[in-house]
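Here is the structure we will look at.
In my numbering, the protein residues as written are 212 to 398.
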């Protein structure tokens, strides 16, 4: 196998790993009824004129399964964090305390659980599409190599390896889906 083919195979695997990691990160943002600091990762607050992630201006913890506690390092950030939470799509009501904000996470209804499962399926499908696009790009590059003189057998073997990688990473995404779905549906 030529160095070029080896390069494309390693690039494909690396890209597919990143697609799985990205899908996992997106799934962490979906609320499963349990409090998780990752729920507020996407929120930005105005920190001296620049939008900054909450995690960079405050300590976010989950003292129990139904509560998030956000303690800003600067007391003047309490109002900004509260405003960011109210304006977000989290549908949570921040409760201001002396030096922190408490978020009580309500229990999920059956309908809301189903909506979240649909959202999870959408995210995992996007991950699978990403992996399939990587396969398509690599196969196109391999065919281009074949036109430039690389042997047909070497290209066919490489395409088979790319397909095995694709199958393996799609299984990983399916595992993420079933794990998150079970997490959401358990009461």
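We treat Cβ as the ideally placed atom computed from N, Cα and C, and that holds for glycine.
Residues in its own chain within less than 6 Å of residue i by CB, not counting five upstream and five downstream?
i, result
"residue 339", "381 and 384"
"residue 326", "none"
"residue 316", "246 and 277"
Please state the DSSP three-state secondary structure of residue i.
i, result
"residue 223", "helix"
"residue 234", "helix"
"residue 379", "helix"
"residue 248", "helix"
"residue 253", "coil"
"residue 371", "helix"
"residue 362", "coil"
"residue 316", "coil"
"residue 397", "coil"
"residue 385", "helix"
"residue 272", "strand"
"residue 265", "helix"
"residue 303", "coil"
"residue 401", "The structure shown does not extend to residue 401, since the chain is modelled only from 212 through 398, so no value can be given for it."
Does residue i pass the burial test, meaning 16 or more other C-beta atoms within 10 Å, or should it be called exposed?
i, result
"residue 274", "exposed"
"residue 391", "buried"
"residue 320", "exposed"
"residue 397", "exposed"
"residue 359", "exposed"
"residue 403", "Outside the shown range of the chain, which is 212 to 398, sits residue 403, and nothing can be said about it."
"residue 386", "exposed"
"residue 295", "buried"
"residue 236", "exposed"
"residue 308", "exposed"
"residue 269", "buried"
"residue 336", "exposed"
Ignore the nearest five residues each way along the sequence and tell me which others in residue i's own chain have a CB closer than 7 Å to its CB.
i, result
"residue 352", "219"
"residue 313", "278, 280 and 306"
"residue 363", "357"
"residue 282", "269, 270, 310 and 311"
"residue 231", "338, 380, 383 and 384"
"residue 324", "395 and 396"
"residue 226", "345"
"residue 255", "262, 263, 264 and 295"
For residue i, collect the residues of the same chain with a Cβ closer than 8 Å to its Cβ; drop the 5 residues on either side in sequence, then sort them by chain order.
i, result
"residue 266", "248, 251 and 252"
"residue 228", "380"
"residue 334", "234, 237, 238 and 241"
Compare the Cα-Cα distances from residue i to each of the options and report the closest residue.
i, options, result
"residue 329", "316, 309, 344 and 388", "388"
"residue 346", "332, 370 and 264", "370"
"residue 224", "282, 394 and 350", "350"
"residue 246", "233, 271, 341 and 234", "271"
"residue 332", "234, 221 and 222", "234"
Contact between the region 297-304 and the region 282-289 is defined here as three or more beta-carbon pairs at a separation below 8 Å; is this criterion met? These segments do not touch.
Is the number of C-beta pairs between the region 258-265 and the region 362-377 that are closer than 8 Å three or more? Contact between the region 258-265 and the region 362-377 is not established, with fewer than three Cβ pairs separated by less than 8 Å.
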